[in-house]
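Enquirer:
Residue numbers (the UniProt record's numbering): 1 to 176.
Now the structure itself:
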């Protein structure tokens, strides 16, 4: 069974009340939802909002017309949740909380802050795919399958996004 037919079967089972199917949907799509949120809100908020997005999706699963449309549908719910959170709170300051990784050096924190700020300054399509690839660790095909984008779009977004990220971070060809 390929990824889209697996997703369709899981959505169908979740609609019928199968808790295991909803759990499997969560495990499959949580990295995508978290990545979308992380590209827009602070890390602590992204963690909490990931749970909220799945609660919303479970409550509104009956509204989804096509089971195969689940990846794009849950992505839209995540984007709306991030926008709502942004409206309720002060904008992101660009700082990563100290508790994020206490063993890391000050320089590592500074580099992570700079990279995340640079990613967040990119256009939305590049920002999301880069966070899904670089932070959530998804492959290009996984990003395509779980967001509803075509593999070609993902490749283009990653390529162009990385080029813009290198430019924003001031990396030259020999530094890569």
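Glycine residues also receive a C-beta, built at the ideal position from the N, C-alpha and C atoms.
Here the structure is a predicted model, which means the values were calculated and not measured.
Suppose you measure from the CA of residue 30 to the CA of residue 59; what does that come to, to the nearest Å?
Expert: So the alpha carbons of these two residues sit roughly 16 Å apart.
Enquirer: Does DSSP put residue 140 in a helix, a strand or coil?
Expert: DSSP places residue 140 in helix when its eight states are reduced to three.
Enquirer: Where does the unbroken alpha helix (DSSP H) through residue 151 begin, and where does it stop?
Expert: That run of the alpha helix (DSSP H) goes 151-169.
Enquirer: Starting from residue 33, trace the alpha helix (DSSP H) both ways and give me its first and last residue.
Expert: From DSSP, the alpha helix (DSSP H) with residue 33 extends over 19-38.
Enquirer: For residue 157, tell me which candidate among 70, 134 and 38 has the shortest Cα-Cα distance.
Expert: Residue 134 is the option with its Cα nearest to residue 157.
Enquirer: Compare the beta carbon distance of residue 68 and residue 7 with 9 Å and say whether it is the shorter of the two.
Expert: It is a contact, given that the beta carbons lie within the stated cut-off.
Enquirer: Would residue 151 be called buried (16 or more neighbouring beta carbons within 10 Å of its own) or exposed?
Expert: Burial call: exposed.
Enquirer: Could you confirm whether any beta carbon from chain C is found closer than 9 Å to the beta carbon of residue 30?
Expert: Here chain C cannot be found, since the structure has a single protein chain.
Enquirer: Tell me whether residue 41 sits in a helix, a strand or coil according to DSSP, three-state version.
Expert: Looking at residue 41 - three-state DSSP - the assignment turns out to be coil, as it is neither helix nor strand.
Enquirer: Smallest Cα separation from residue 76: which of 85, 36, 44 and 169?
Expert: Cα-wise, what sits closest to residue 76 is 36.
Enquirer: Would you identify the three-state DSSP class for residue 16, choosing helix, strand or coil?
Expert: In the structure shown, residue 16 sits in coil (DSSP, three-state: anything other than H, G, I, E or B).
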